[in-house]
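One structure below.
There are 2 protein chains.
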Amino acid sequence: MGLLAVGYREPVVPFLVPFVVTLAVGLSLERFERGDPGPREAFLLVASAWLAVALVGTLPFVLAGNGTLADPVNALFESMSGITTTGATVIDDFAVHGRAVLMWRQVLQWLGGLGILVLAVGLLSELSMSGAQLMETETRTQDVTKLTPRIEGTARLLGGLYVGLTALMVFVLLALRAAGVAPEMDLYNAVAHALTTVATAGFSPEAESVGAFSPVVQWVVVAFMFVGATNFVVLYHLSRGDTTRLRDSEEFRVYLGVVLGAVVVVGTMLFLDGEYPLGEELLRATVFQVTSIVTTTGYATVDFDLWSAGPRHVLFLGMFVGGMAGSTTCSIKTLRWLVVGKTFRRDLFTAVHPQAIRPVRLSGRAIDEGTVRDVYTYTLVSVVIFGLLTVFVVVDAARAGVEVTEFGAMGAAASTFLNIGPAFGFAGPYGSYEPFPDSTKLVMVAMMWVGRIEIFPVLTLLTRSFWRS
Amino acid sequence: MGLLAVGYREPVVPFLVPFVVTLAVGLSLERFERGDPGPREAFLLVASAWLAVALVGTLPFVLAGNGTLADPVNALFESMSGITTTGATVIDDFAVHGRAVLMWRQVLQWLGGLGILVLAVGLLSELSMSGAQLMETETRTQDVTKLTPRIEGTARLLGGLYVGLTALMVFVLLALRAAGVAPEMDLYNAVAHALTTVATAGFSPEAESVGAFSPVVQWVVVAFMFVGATNFVVLYHLSRGDTTRLRDSEEFRVYLGVVLGAVVVVGTMLFLDGEYPLGEELLRATVFQVTSIVTTTGYATVDFDLWSAGPRHVLFLGMFVGGMAGSTTCSIKTLRWLVVGKTFRRDLFTAVHPQAIRPVRLSGRAIDEGTVRDVYTYTLVSVVIFGLLTVFVVVDAARAGVEVTEFGAMGAAASTFLNIGPAFGFAGPYGSYEPFPDSTKLVMVAMMWVGRIEIFPVLTLLTRSFWRS
Ligand SMILES: [K+]
Ligand SMILES: [K+]
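Protein chains in written order, with this note's numbering: chain A, 1 to 469; chain B, 1 to 469.
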């Protein structure tokens, strides 16, 4: 970033301080992993690492001092939105910001995506928290672990895959440019978008997001968003030519089914609305927006906030789904919904046949009932937090005299807490969260943080028993 | 009803047919209880009984043929809203309907409330469905059962209490009239409102609902709404002078706390809005509306839809709470939220201390983990159904060209599925559900039915395993 600033003849200092601090946090994480942390230490580390990087990430925005990002609350919002891979922005004018500042946002998101991969596989799945151990059932991480005897080994493999996918995307985008089908795609943009696509993060240095690029680029982005929200253990095996994990994964089928189902519904609605004629443009607009929302990336190629109530509400519902566990995706994740659905079907059965004993099975293996309960808890708590946040956003905006529609508030609450990015109304895909009052923004900052690290690491810090020895 | 129609010189026939059918359903229920039904029979009976009465209850409205109720879809909506004690109305002009027709709505609700009491205690709690057995833990129904050896005995005791409370309320209202402080409260109105208050049902033959009566009447209604949403086993012991059950009940404390907390918040907001000066009117308007919503009654004394975003949203959140299990209340109920809250606290503790084993305790007794999971399932499924219904209401209205705000749709979805009654916008407390398209109304009819009998009895009917022997 410093080099980039030098290259673009922009101020260098803003990027030196955070880089040093980020490096320090990274190193302490590294060191920590070598020990054998209890849940208490793990939660504290995870919660404070994300918060620390968010605070530090604020500096370049404030020090650069341009546009809306010069305001400390806005800068904190943008930084937390970055490191949590949310992608909600408070920038209202992209032209006033230097290329280095805009790239800093992309880097934050890429680091956030990497952090989640390491965290999900390396720490949280070990602690069997909130259904994260399901990922193991589903993908048999232990087979990977056998390859590499320690947790860090697995985390490093998946981290390597993440780096590799990012590099691959840069290469593909530049190849398209070389082939003459992506004239707008220079090296800067190729790197910037590669950093935030596999991370399912969604910041873009372009005001028009991925809409600034040619159709073929948009299709490539769709592919990498989809991959970014696919379980990385499955991807790892695929990369070694082993397709059995993919074929065995019930979760993958649900993930794919949700995307395809939403595409059919949204596409039909848009066609009936006369939004697009039958053709590639209709298909691309639908597939892009649906994939972007369901994978929790948050890019846009069109202003979907201008669509009618039907497609907008399907996208809204899609926000709650998310991609596969064990990826960079956010939100509730298809794995949890799969367990919720299967358990509910089982419960309907046992309601009628109380004597029957029927474990819930995932990819053929029975899941422990405690895990099922954890999944229900996580899902219910998420939905309740979303509801309370919506009401807060509405009431706080009314108090401050900011006009927010109910649907705008619902979208903004879901989009920040579930780490998607764009919402509806003034915080739509081509809009900005800047008009929200500072109090709302600060609560959203907290909720992005709580949501990205899966609620428990933060909420346990609020209990008395956490701090008693 | 027939006699009333004769008395008021209105057509008699509309009321004869449904009365005979209702009686027949009642008798078959009675006979059924003497047997030892399995869950399959119980679900089928409960689901079909509510549906049959709703269909039959439609007849007087259609046959009377006045106003909006002459339309079959509207009539079905009103009838289902009656028997499910919802209280959502499609009447837009009360003056065109005869007194007999208006009383028929009240009677339907009173029967619905009685049905739920008998059902909750007599059938569902025996089947240990969806956390209903918690009620036993909390109130030790078995002590009552000891007094009366069979289920019907308990059901009859509580039914008797219900009848007694209704009669008491008629008496109190007429006494107030005799004392000269309730001039508008004639015998007709006293009976009509007593029938729908203890039932926490909320229909009123007055267009202004309870706002048509003097302040002292409004306070009396508050008291009976509150009692109607209190566990009837606790009430039974209270009626015998035993206050220990009340004092031991953790759920009662939560129920009271929710009402008082909401009163403080709403009252403060209304005062700051300058809606009322500090005084009895502010207190009464707040206490009445909060109690009406939290107990799921749905009466109003003022048009709370005209309040600002803050108090309206607090009322909206209050819709999801509901009163105590084992009463006539609808919605999710405080008992379930209490279990959800306690379990979540426990989960935060065990997240930090994975080795600790800590059962969730209710009034000192440990609850079985399967029950905890049932409670989570029920709560999550309710919230998900509410969300999907909201989206359906918005999209269906847009399709039909009916203008519905997002908040209006949220309110109407919650208010019908959770059986409250009034919502916001044109379906507000002094409004009507009539403008919704027929397709929306029919879906709402189904959801009132699903919600009132606690989801499972209907949803199990949709599974294949239900119909296989
Ligand atoms: K995102
Ligand atoms: K009601």
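Where is the CB? At the ideal position from N, CA and C, for every residue including glycine.
When you compare only the Cα positions, how much space is there between residue i and residue j?
i: B/G153; j: B/L114; result: 15 Å
i: A/R528; j: A/V372; result: Absent from the model: residue 528 of chain A. The displayed extent of chain A is 1 to 469, so no value can be given.
i: B/F252; j: B/A229; result: 10 Å
i: B/W50; j: B/T416; result: 15 Å
i: B/S204; j: A/A47; result: 53 Å
i: B/V302; j: B/G211; result: 6 Å
i: B/P478; j: B/L335; result: The requested residue 478 of chain B is not part of the displayed model; chain B covers only 1 to 469.
i: A/I367; j: A/G261; result: 27 Å
i: B/F407; j: B/T68; result: 25 Å
i: B/L187; j: B/V265; result: 36 Å
i: B/M169; j: B/L176; result: 11 Å
i: A/E138; j: B/H313; result: Unreliable positioning characterises A/E138 in this predicted model, as indicated by a pLDDT of 49, which lies under 50. The coordinate reading is nonetheless provided below. Whole-angstrom Cα-Cα distance: 41 Å.
i: A/P183; j: A/S214; result: 8 Å
i: B/L374; j: B/T328; result: It should be noted that the sequence gives Asp, not Leu, for residue 374 of chain B. Looking at the two C-alpha atoms, the distance is approximately 21 Å.
i: A/H237; j: A/G323; result: 18 Å
i: B/L270; j: B/V263; result: 10 Å
i: B/Y430; j: B/A75; result: 19 Å
i: A/G310; j: B/L388; result: 12 Å
i: B/F304; j: B/G298; result: 11 Å
i: A/G57; j: B/V360; result: 42 Å
i: B/R40; j: B/E454; result: 15 Å
i: B/V73; j: B/A190; result: 30 Å
Put residue i into one of helix, strand or coil per three-state DSSP.
i: B/A366; result: strand
i: B/R312; result: helix
i: A/V339; result: helix
i: A/R468; result: coil
i: A/V198; result: coil
i: B/S128; result: Confidence in B/S128 is poor, its pLDDT being 45 and thus under 50, which makes the residue's placement unreliable; the coordinate value appears in the next sentence. Coil, per DSSP.
i: B/N189; result: helix
i: B/P39; result: helix
i: B/N74; result: helix
i: B/M324; result: coil
i: B/R240; result: coil
i: B/P215; result: helix
i: A/T268; result: helix
i: B/P429; result: coil
i: A/L418; result: coil
When you compare the CB of residue i with every CB in chain B, is at least one pair closer than 8 Å?
i: A/E403; result: no
i: A/F417; result: no
i: A/R253; result: no
i: A/S465; result: yes
i: A/L63; result: no
i: A/E369; result: yes
i: A/T460; result: yes
i: A/F456; result: yes
i: A/F232; result: no
i: A/P354; result: yes
i: A/M319; result: no
Counting only beta-carbon separations shorter than 8 Å, does residue i have a partner in chain A?
i: B/V290; result: no
i: B/D347; result: yes
i: B/A398; result: yes
i: B/R373; result: yes
i: B/E406; result: yes
i: B/F436; result: no
i: B/A47; result: no
i: B/T379; result: yes
i: B/A192; result: no
i: B/Y376; result: yes
i: B/V340; result: yes
i: B/A427; result: no
i: B/R40; result: yes
i: B/G451; result: no
What does DSSP give as the partner residue(s) for residue i in the beta ladder?
i: B/V458; result: According to DSSP, B/V458 bridges with nothing at all.
i: B/V360; result: B/I367
Against chain E, with Cβ distances strictly below 8 Å, would residue i count as a contact?
i: B/S308; result: The structure shown has no chain E; the protein chains it does contain are A and B.
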